[in-house]
Structure formats: C-alpha cells, structure tokens
Amino acid sequence: MQLLSSYLSGSWSAGSGARHTLVNPATEAPLAEVSGGGHDFAAAFAYAREAGARELGALTFAQRGQLLAQLAKAVSGAREELLSLAIANGGNTRGDAKFDVDGGGVTLQHYADLGAKLGAVKLLGDGEPIQVGRTARMGGQHVWTRRRGVAVHINAFNFPGWGLCEKLGPALLAGMPVITKPATATALVAHRLVELFAPLLPAGVLQLLVGPAGTLLDHCAPGDVVAFTGGSSTARTLRAHPVLVQHSVKLNVEADSLNAAVLGPDIELSSEAGSLFLADVTRDMTQKTGQKCTAIRRVLVPAAREAEVLDALKERLGGIVVGDPANETVRMGPLATAQQLRDVKEGIARLAAETDSVFGGTGEVTPVGTEGKGYFVGPIVRRAADPFTCKALHSHEVFGPVVTVGAYDGDAARAAAFIAKGEGCLVSSAYSDDRDWVATFVGAAGAWTGRLYLGSSKMAAQSPGPGTVLPSLVHGGPGRAGGGEELGGERGVQGYMQRVALEGDASVLKSLLGA
Ligand code: NAP
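Under this note's numbering, the letters of the sequence shown match residues 3 to 517, in that order.
Here's what the structure looks like:
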C-alpha cells in the first residue's frame with residue numbers, strides 16, 4: 003500500500019510513528035497510509051522563512067501571478083487523475099469531484115489573473131493619499147506590504163483540492179511561503195496536487211504536511227498567518243494555542259455554519275425563482291453528500307406554501323440514487339469517514355427529537371453497488387412545527403444531506419430574525435422579486451452572514467447557487483462560522499499582507515506606489 007510522504011524542507015519524507023489508513027468511504031477498502039509524525043517542523047519553518055520568503059520577495063505581483071497560472075495549468079493537465087482520486091478517497095461522484103478539483107484550478111487562475119492586473123509592483127495602495135500636514139507637502143498613505151512570515155494552511159476533509167488552492171492562491175500572490183496541511187482522512191488529492199506543484203515553484207515556497215498536525219503550530223512566530231478550516235471545537239483549541247497567543251499570530255477561522263434559505267412571500271414555486279429555490283435546496287443537500295460548509299441546512303417558507311415545498315422536495319429527492327460513486331447511476335455518494343457517519347447520525351437524532359420526518363426518516367438507505375460496506379446515509383427532510391424555537395435546528399450543524407423546513411408569516415424582518423438564530427453563517431439565501439422585501443431583509447440579515455445570495459427570476463438562468471464559493475467574493479462569516487474571511491479578489495491577498503500607514507513627503511509616498 004502507498005505510504006504518503008510529506009514535502010518538507012525541500013524533500014519528500016514519510017515520517018515515522020503510528021500509521022493512519024486512508025480508505026475509500028464507499029467500500030472501506032484501504033487506499034494509502036500516513037505516518038503519525040517524526041517530522042522536523044523547526045527545519046521546515048526555517049526553510050520557508052529563509053528560502054521561500056527570499057524567493058517570493060524577489061518577485062512582483064505579476065511574476066507571482068505567473069507562478070499561479072502554471073499551477074492552474076497543472077491542475078487541468080492532471081484533471082482525470084485528480085478526479086479519480088477524489089472519487090476513491092472522498093466518496094465523491096464525478097460531479098462532486100469536479101466541483102472540488104475544477105474549483106481549485108479556477109481559483110488559482112483567478113489569482114493568477116489578479117497578479118497580472120496588479121502588475122510589476124510589490125506594494126499595494128490602500129485608499130487615496132491624505133493630507134496630514136498644514137500643506138499638501140505632508141501626506142499620509144496606507145499601503146499593504148509583504149508579511150515576513152509563513153502561512154500555515156489547515157484544511158477540512160471535504161474539499162482537499164479546492165481547500166488547498168483557495169488558500170494557496172492568495173497567500174502566494176501576497177508573497178508568503180506556505181505550509182499546507184490537508185485533513186488526514188482525504189489527503190490523497192492534496193498530496194497529488196503538491197507533487198504536481200512543487201517542481202513548478204521556487205524552493206521553500208510550498209511545503210506539505212500529511213498526517214496529524216502534532217507540534218506544527220508550536221513553531222509559529224510573529225508575522226505568520228494560520229488559516230484554518232474545520233470544526234468549531236478544533237478552532238477553539240487553535241484560538242487558545244499558547245504560541246499563537248504569545249506572538250499575536252493572525253488566525254483566520256472558517257468553521258461551522260447553519261446556512262439558511264428563505265422563500266419570499268411573492269414567489270410561486272412554479273416560477274423561475276421558485277424552481278431556483280428548489281434546485282438550490284436539493285443540490286445543496288446532495289452535492290458532496292451535504293458535506294459543504296456552505297450547504298443549506300435551514301429552510302424557511304411562507305406558511306401558505308409549506309405543503310407544496312415539502313411535496314416538491316420529496317419528489318426531487320426521490321429520484322436521487324445513493325451508492326458507490328464509481329457506479330455511473332449514482333447521484334449521491336457516502337459520507338467521507340466513519341466518524342462523519344457517527345456525527346451525522348448523532349445530529350439527525352438530535353433533530354429527530356424536535357422535528358417530524360418528511361422524507362428519508364433518519365437516513366436509512368440501501369446504497370447501490372456496495373455489498374453492505376461504506377459510510378452511507380440517505381437524504382433527509384425534517385419539518386419543525388415552530389422553526390423559531392426549535393433548538394437543535396439553530397444550534398448544531400449536521401454535516402450531511404439533511405435540511406429542516408419550517409413556516410413563517412412572510413415578513414422580511416421575521417425571515418432575517420430566522421437567519422440570525424444561526425448565530426453567524428457563511429452564506430444564506432433569499433428568493434424574492436419584491437425589491438422592498440429584499441431591502442428590508444438585507445438590512446436586517448446582513449450582519450449575520452458572510453454572503454447573502456439573492457435569488458430572483460431575472461438571475462435564475464445564470465445562477466451558480468449559494469453553495470458555490472466564488473474567488474471574487476469573500477468567503478467566511480461571523481460568529482459560529484468562525485469570524486474569518488478569505489478570497490474576495492484582492493481582499494484575500496490583503497489577508498496575507500500587513501497594512502502600514504506611511505507618513506511623509508507626499509511626493510515620496512506617491513513614488514513608492516509607482517506614481
Ligand atoms: P476538524 O476535525 O476540525 O479538522 C480540520 C483540520 O484541522 C484537519 O486538517 C485536522 O487534521 C486539523 N486538526 C485537528 N486538530 C488539530 C489541532 N489540534 N491542531 C492543528 N490542526 C488540527 O474538521 P473536519 O472534520 O475536517 O471538518 C468538518 C468541519 O469543518 C465541519 O464542521 C464544517 O462545518 C467545517 N468546514 C468549514 C468550512 C468553511 O469554509 N467554513 C469548510 C469545510 C468544512 P487531521 O485530519 O489530521 O485530524
């Protein structure tokens with residue numbers, strides 16, 4: 003069996019210690035092993051701080067963008083191989099695998115293009131020059147400058163490809179060397195990506211740890227950035243990490259999220275916006291078996307439409323074939339790990355104690371082509387009699403193909419109060435063609451979610467859906483979602499840079515920005 007190596011200090015090494023086995027979650031067949039530790043992290047950080055920082059520091063944004071363009075090309079060049087790995091190790095259908103792998107390539111290309119646009123410079127201006135003296139001679143200017151540290155990227159199991167790329171693109175463009183750590187259970191795609199990327203990058207710019215983090219973060223120092231995606235309990239541990247606290251290491255957290263979708267009172271289900279709403283809910287439940295941080299978990303519909311919505315969801319979900327994604331008829335694969343299956347079942351039991359079953363019971367399913375193996379759960383719709391007081395609905399993220407539907411009176415402020423009950427989401431969506439309703443909703447709900455997706459008849463035909471994270475828009479959310487922010491074009495790059503307020507002769511300040 004393949005023993006995966008980490009790429010640290012310029013060479014591949016398998017490490018040592020107890021082994022973890024990576025499996026195919028549809029068949030439980032072992033695929034590869036990873037060692038539990040034995041790596042020299044001090045040397046890896048030193049290598050990044052010296053070689054990686056020096057190499058990137060010599061480059062302009064445009065040149066770093068060219069590196070990213072090569073990485074994007076490498077992703078598309080190895081696409082079929084990467085898709086196969088995602089299907090085998092992630093339980094992904096081919097469509098799910100494309101979402102992860104192609105999404106990674108698109109995000110790298112976005113930052114490659116941004117590098118070209120920023121040009122042959124190393125500083126970024128932030129806002130306009132300001133007069134701070136008695137005359138225009140004495141000026142002020144905010145700029146973004148390169149951080150002199152290492153970006154440590156810790157990713158969740160559900161997007162091993164996209165997760166690596168969406169953090170790598172902005173960090174490299176900003177000029178920070180990266181140590182990336184995928185979740186152990188699904189590390190095959192990320193491991194292959196780094197095999198492809200490493201020869202295309204200067205020394206020390208990208209390192210990979212496969213296997214547990216161990217003492218990795220003990221080596222962080224001032225100037226470093228840790229970007230974490232994962233569960234809120236791990237996030238709490240990282241927030242209290244003594245070395246991160248001691249050095250005020252910037253920590254960006256993308257954690258749990260109880261994303262909501264609200265149907266406006268003006269939308270007929272048979273309309274374009276109504277179909278969009280149903281398609282978004284169904285897609286978010288079944289794509290990646292609901293293991294998307296952006297997936298809709300809570301659904302609020304006008305009381306007069308509730309029965310119709312439940313019937314429509316039942317009909318759509320009834321056609322979803324669950325099973326081994328290696329089988330072409332399968333539309334939804336297994337959960338990624340045995341632990342995820344246990345967690346999802348526990349979450350369903352919590353919901354079941356407070357809600358009624360509409361579709362799928364508590365997830366019992368007979369998967370296609372699996373011979374009794376695999377971590378399967380079927381799609382589930384629950385109904386909350388009072389969606390505003392249902393505790394489990396607003397307090398626990400079930401990271402699987404599960405939504406709970408409840409009814410409201412159609413009032414926009416009430417819909418926003420429902421969003422707020424999730425205590426901070428990555429994304430939430432509302433479907434309405436009534437501009438006044440939308441304005442009231444956005445004004446009240448905006449504070450509780452990183453992204454608001456406004457579904458309507460006119461955009462329905464070209465909508466990517468709320469579950470798709472776009473590199474040009476920020477990803478992250480307040481409260482439960484971790485309080486972090488990634489992507490969003492240039493904003494994502496700034497997350498890896500230091501803002502400096504410069505004061506001095508206005509013409510000197512101007513010249514620093516190449517004017
Ligand atoms: P997790 O258990 O928190 O693991 C996430 C990552 O943290 C993995 O790489 C894990 O490594 C690592 N890790 C665990 N303990 C650590 C420690 N003490 N120090 C440093 N790293 C540590 O989460 P998960 O099970 O992979 O992902 C599921 C959760 O992620 C869900 O709750 C979901 O909401 C959230 N998520 C959020 C987003 C978002 O963008 N906001 C996206 C995807 C998922 P090992 O695998 O080696 O343990």
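Yeah, the Cβ is synthetic: ideal placement off N, Cα and C, and Gly gets one too.
For residue i, the first and last residue of its enclosing beta strand (DSSP E)
{"i": "Tyr410", "result": "Val404 to Tyr410"}
{"i": "Ala189", "result": "No beta strand (DSSP E) holds Ala189; DSSP gives it neither H nor E."}
{"i": "Arg384", "result": "Ile382 to Arg385"}
{"i": "Gln133", "result": "Leu126 to Gln133"}
{"i": "Leu456", "result": "Thr451 to Gly457"}
{"i": "Pro433", "result": "The sequence given here has Tyr at residue 433, not Pro. Segment Cys427 to Tyr433, the beta strand (DSSP E) holding Tyr433."}
{"i": "Gln464", "result": "Unbroken run through Gln464: none, as it is neither H nor E."}
{"i": "Gln209", "result": "Leu208 to Leu210"}
First through last residue of the alpha helix (DSSP H) which encompasses residue i
{"i": "Glu82", "result": "Arg81 to Gly92"}
{"i": "Gly58", "result": "Looking at the sequence itself, residue 58 is Leu, so the reference to Gly does not match. Leu58 -> alpha helix (DSSP H) spans Ala55 to Gly59."}
{"i": "Gln496", "result": "Glu492 to Gln496"}
{"i": "Gly165", "result": "Pro162 to Ala176"}
{"i": "Asp438", "result": "Arg437 to Ala447"}
{"i": "Arg416", "result": "Ala414 to Ala422"}
{"i": "Ser474", "result": "Looking at the DSSP string, Ser474 is not in any alpha helix (DSSP H), and its letter there is neither H nor E."}
Beta-carbon gap between residue i and residue j smaller than 8 angstroms
{"i": "Val245", "j": "Cys222", "result": "yes"}
{"i": "Met499", "j": "Arg150", "result": "no"}
{"i": "Met3", "j": "Glu30", "result": "no"}
{"i": "Leu315", "j": "Val383", "result": "yes"}
{"i": "Arg307", "j": "Leu271", "result": "yes"}
{"i": "Pro473", "j": "His112", "result": "yes"}
{"i": "Asp286", "j": "Ile269", "result": "no"}
{"i": "Leu73", "j": "Leu190", "result": "no"}
{"i": "Leu110", "j": "Val77", "result": "yes"}
{"i": "Val404", "j": "Ile350", "result": "yes"}
{"i": "Ala337", "j": "Gln289", "result": "Correcting the residue type first, residue 337 is Leu in the shown sequence and not Ala. Not in contact: Leu337 and Gln289 (Cβ atoms no closer than 8 angstroms)."}
{"i": "Glu366", "j": "Leu260", "result": "no"}
{"i": "Thr296", "j": "Gly469", "result": "yes"}
{"i": "Pro162", "j": "Gly38", "result": "no"}
{"i": "Leu211", "j": "Arg66", "result": "no"}
{"i": "Gly266", "j": "Tyr9", "result": "no"}
{"i": "Ser459", "j": "Asp435", "result": "yes"}
{"i": "Ile181", "j": "Ala46", "result": "yes"}
{"i": "Gly376", "j": "Ala28", "result": "yes"}
{"i": "Leu395", "j": "Ser430", "result": "no"}
{"i": "Val283", "j": "Lys252", "result": "no"}
{"i": "Leu5", "j": "Ala16", "result": "yes"}
Beta-ladder partner(s) of residue i, from DSSP
{"i": "His155", "result": "Thr182 and Ala229"}
{"i": "Gln4", "result": "Ala34"}
{"i": "Asp507", "result": "Met140"}
{"i": "Glu356", "result": "According to DSSP, which records beta bridges pairwise, Glu356 is partnered with nothing at all."}
{"i": "Gly39", "result": "Ser18"}
{"i": "Gln529", "result": "With the chain running from 3 to 517 in the structure shown, residue 529 is simply not present."}
{"i": "Phe47", "result": "None; Phe47 has no bridge partner."}
{"i": "Thr29", "result": "Answer is none; Thr29 lacks a bridge partner."}
{"i": "Phe361", "result": "Val383"}
Residue i CB to nearest heavy atom of the ligand NAP below 7 angstroms
{"i": "Ser259", "result": "yes"}
{"i": "Leu190", "result": "no"}
{"i": "Leu428", "result": "yes"}
{"i": "Gly206", "result": "no"}
{"i": "Phe159", "result": "yes"}
{"i": "Phe401", "result": "yes"}
{"i": "Pro214", "result": "yes"}
{"i": "Lys183", "result": "yes"}
{"i": "Ile156", "result": "yes"}
{"i": "Glu330", "result": "no"}
{"i": "Cys295", "result": "yes"}
{"i": "Gly105", "result": "no"}
{"i": "Leu1", "result": "Within the shown structure, residues of the chain are numbered from 3 to 517, placing residue 1 beyond reach of any answer."}
{"i": "Ala394", "result": "no"}
{"i": "Leu175", "result": "no"}
{"i": "Glu348", "result": "no"}
{"i": "Glu256", "result": "yes"}
{"i": "Ala187", "result": "yes"}
message: To test your reading of the DSSP string, which unbroken beta strand (DSSP E) runs of 3 or more residues are found completely within the stretch 222–277?
response: 227–231, 252–256 and 261–265
field: Any alpha helix (DSSP H) of 4 or more consecutive residues that is wholly inside the stretch 293–326
entry: 308–320
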